[in-house]
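Peer 1: Right, I'll just put the structure down here and ask away after.
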Amino acid sequence: MRTEDLITRLATQAPPAPIRPARVVAVLLAVLAPPVLWFLWSMGMRPDLGPALLAPVTLLKSLIPATLSVASLALALNLARPEARAGLRLAPLWLATGAALALLGWAWAQTPADQMGAAIRGSTQAKCLISIVLFSILPLAAGLALLRRGASTRPALSGAMLGLASSAGAATAYALHCTEDNPLFFITWYGAAILGVTLAGALLGARLLRW
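All residue numbers for the sequence shown refer to our numbering, where the first residue is 34 and numbers rise by one.
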């Protein structure tokens with residue numbers, strides 16, 4: 034096919050339907066809610082959730098991943114447009130990450146050396162990692178399917194932001210059950226799960242969101 038014919042054909046094709054942010058959010062919530070609700074129904078929410086959230090550290094355990102989830106989803110949706118730039122939209126992500134690292138450093142300084150290993154390990158690290166990763170799979174898959182309708186010029190970053198949104202949202206939900214309130218535990222293991230899914234999102238995005 035000649036170049037002129039290809040240009041003419043592309044010009045006459047109907048443009049893809051634009052991505053609707055509200056629809057993407059609704060789909061992600063729809064696929065995240067059933068496994069989370071089943072988990073909370075079978076395993077239970079922490080019995081002292083209300084009073085626990087009055088403690089600043091416990092509140093940050095939910096607030097930091099919630100901020101990461103909302104900010105990264107907004108960025109992923111923005112990057113679905115070819116003219117989009119990350120720019121200042123990265124600021125909430127850096128602020129939330131900085132808050133997590135500051136909290137981790139504070140907890141590290143407060144913990145005696147002979148208690149450090151036990152504080153980091155906790156007693157539920159396996160359940161924490163597995164739950165957050167499993168809760169992230171369906172939202173990540175659904176989000177990638179929807180973002181394929183877009184035209185991101187940075188597909189790896191788009192996928193990474195979608196992975197971050199999915200896993201940080203899953204961590205926010207898991208925090209409703211988790212009773213391990215030491216930042217050495219939850220920043221380490223929540224962070225490991227979130228980082229793993231974010232990297233997976235970047236790899237999948239680089240492959241699936243190219244155009």
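We treat Cβ as the ideally placed atom computed from N, Cα and C, and that holds for glycine.
Computed from a predicted model, the values in this text were never measured in an experiment.
Flag Pro125 as yes when its Cβ comes closer than 6 Å to any non-hydrogen atom of the ligand GTP, and as no otherwise.
Peer 2: This structure lacks the ligand GTP, and indeed carries no ligand of any kind.
Peer 1: Please work out which residues of its chain come closer than 6 Å, Cβ to Cβ, to Tyr207, disregarding the five sequence neighbours upstream and downstream, and give them in chain order.
Peer 2: Taking the first residue of the sequence shown as position 1, residue 207 is located at position 174. Contacts found: Ser164 and Ile165.
Peer 1: Looking at C-alpha atoms only, which residue of Ala178, Ile170, Arg181 and Leu61 is the closest neighbour of Val21?
Peer 2: Since the first and last residues shown for the chain are 34 and 244, residue 21 lies out of range.
Peer 1: Does Pro89 pass the burial test, meaning 16 or more other C-beta atoms within 10 Å, or should it be called exposed?
Peer 2: Reading the sequence shown from its first residue, position 56 is the one you call residue 89. The residue in question, Pro89, is exposed, as its Cβ has fewer than 16 Cβ neighbours within 10 Å.
Peer 1: Can you list, in chain order, the residues of its chain with a C-beta nearer than 6 Å to that of Leu232? Leave out the 5 residues immediately preceding and following it.
Peer 2: Here the question's residue 232 lines up with position 199 in the sequence shown. There are no such residues.
Peer 1: Between which residues of its own chain and Gly238 is the CB-CB distance below 6 Å, once the five residues before and five after are set aside?
Peer 2: Along the sequence shown, read from residue 1 onward, the residue named residue 238 stands at position 205. Answer for Gly238: Pro188, Ala189, Ser191 and Gly192, listed in chain order.
Peer 1: How is Asn215 classed by DSSP in three states: helix, strand or coil?
Peer 2: Indexing the sequence shown from 1 puts residue 215 at position 182. Looking at Asn215 - three-state DSSP - the assignment turns out to be coil, as it is neither helix nor strand.
Peer 1: If you measure between the beta carbons of Asn215 and Ala152, is that distance less than 7 Å?
Peer 2: By 1-based counting over the sequence shown, the position of residue 215 is 182. By 1-based counting over the sequence shown, the position of residue 152 is 119. Cβ atoms of Asn215 and Ala152: closer than 7 Å.
Peer 1: With a Cβ-Cβ cutoff of 7 Å, do Pro104 and Thr205 count as a contact?
Peer 2: Counting from one through the sequence shown, the residue named residue 104 turns up at place 71. Counting from one through the sequence shown, the residue named residue 205 turns up at place 172. In the sequence on display, residue 104 carries Ala and not Pro. No, Cβ-Cβ distance for Ala104 and Thr205 is not below 7 Å.
Peer 1: Where does Pro145 land, buried or exposed, given buried means 16+ other C-beta within 10 angstroms?
Peer 2: In the sequence shown, counting from the first residue as 1, residue 145 sits at position 112. Pro145 is exposed by the Cβ-count criterion.
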